[in-house]
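Enquirer: To start, I am sharing the structure in question, which I have written as structure tokens.
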Amino acid sequence: AAAVALVGASTYLTQKDNIRDAAESAKRSYALTPESGLITTDELELLNRLDEEVPEDAVLTGNPWTGTALAYALADRVTLQLHLLATYGDDVDTIYNHLRDASTDPEVCPAVESTSVDYVLDFGKQEVHGYDHGFVGLQDLEESGTVRLVDQVGDAKLYEITACK
Numbered sequence: 301a302a303a304v305a306l307v308g309a310s311t312y313l314t315q316k317d318n319i320r321d322a323a324e325s326a327k328r329s330y331a332l333t334p335e336s337g338l339i340t341t342d343e344l345e346l347l348n349r350l351d352e353e354v355p356e357d358a359v360l361t362g363n364p365w366t367g368t369a370l371a372y373a374l375a376d377r378v379t380l381q382l383h384l385l386a387t388y389g390d391d392v393d394t395i396y397n398h399l400r401d402a403s404t405d406p407e408v409c410p411a412v413e414s415t416s417v418d419y420v421l422d423f424g425k426q427e428v429h430g431y432d433h434g435f436v437g438l439q440d441l442e443e444s445g446t447v448r449l450v451d452q453v454g455d456a457k458l459y460e461i462t463a464c465k
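Converting from the sequence shown to the numbering used here requires adding 300 to each position, the first position being numbered 1.
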């Protein structure tokens, strides 16, 4: 028992600064700010308004690496990709890479219909880990004529897909 107590006390005394430093680093990494990597204050405000703007049974899409997948956890709305490591099929891939081309690409609207996606969350290009995973079909949507802007908080936008109705 004395040996266990000695090891425990030694571990605490030699590691407490490391643990404190790691906790402070994690706190900075996950703090909610206007520039947060995971989700910004503007994005969270937009998610908090989804109850008023998006029907409960609606399906949303967006680049999950930008934090849009958090709509499932924070706003109780289904997204095409519920977390970063999910696998998805051809229809979702078509949406991610070609939604903005819905007026000219005959594969887009059938993909939208089969996935029942109605809305797009656009949180820009800032991804959680600083990479760029593409999702080019979800970029420049306003100019494409594929969607209608429903709400915007700063750079965070909510669009309704109109091209396939």
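Ideal placement from N, C-alpha and C gives every residue a C-beta, glycine not left out.
I'd like to check one pair, E427 with C464: are the Cβ atoms closer than 8 angstroms?
Expert: no
Enquirer: Tell me which residue opens and which closes the beta strand (DSSP E) that D422 is part of.
Expert: 417-422
Enquirer: Given a threshold of 16 other Cβ atoms within 10 Å of its Cβ, counted over all protein chains shown, does V304 qualify as buried or as exposed?
Expert: exposed
Enquirer: Tell me which residues share the same chain as F423 and place their Cβ nearer than 6 angstroms to its Cβ, disregarding the 5 neighbours each side in the sequence.
Expert: When the five nearest sequence neighbours on each side are left out, the beta carbons in the same chain lying within less than 6 angstroms of the beta carbon of F423 are those of E343, T366, G367, T368, A456, in order along the chain.
Enquirer: Figure out for me which residue from P334, L370, N363 has the closest Cα to the Cα of D440.
Expert: N363
Enquirer: Just to confirm the assignment, what range does the beta strand (DSSP E) spanning E352 have?
Expert: Counting along the chain, E352 falls outside any beta strand (DSSP E), though it belongs to the alpha helix (DSSP H) covering 350-353.
Enquirer: Secondary structure at R448, three-state DSSP: helix, strand or coil?
Expert: strand
Enquirer: Can you tell which of D351, P334, R320 has its C-alpha closest to the C-alpha of D451?
Expert: D351
Enquirer: Can you check which of these residues, A373, V354, E442, K327, is closest to L399 by C-alpha distance?
Expert: E442
Enquirer: Under three-state DSSP, which class holds Y459?
Expert: strand
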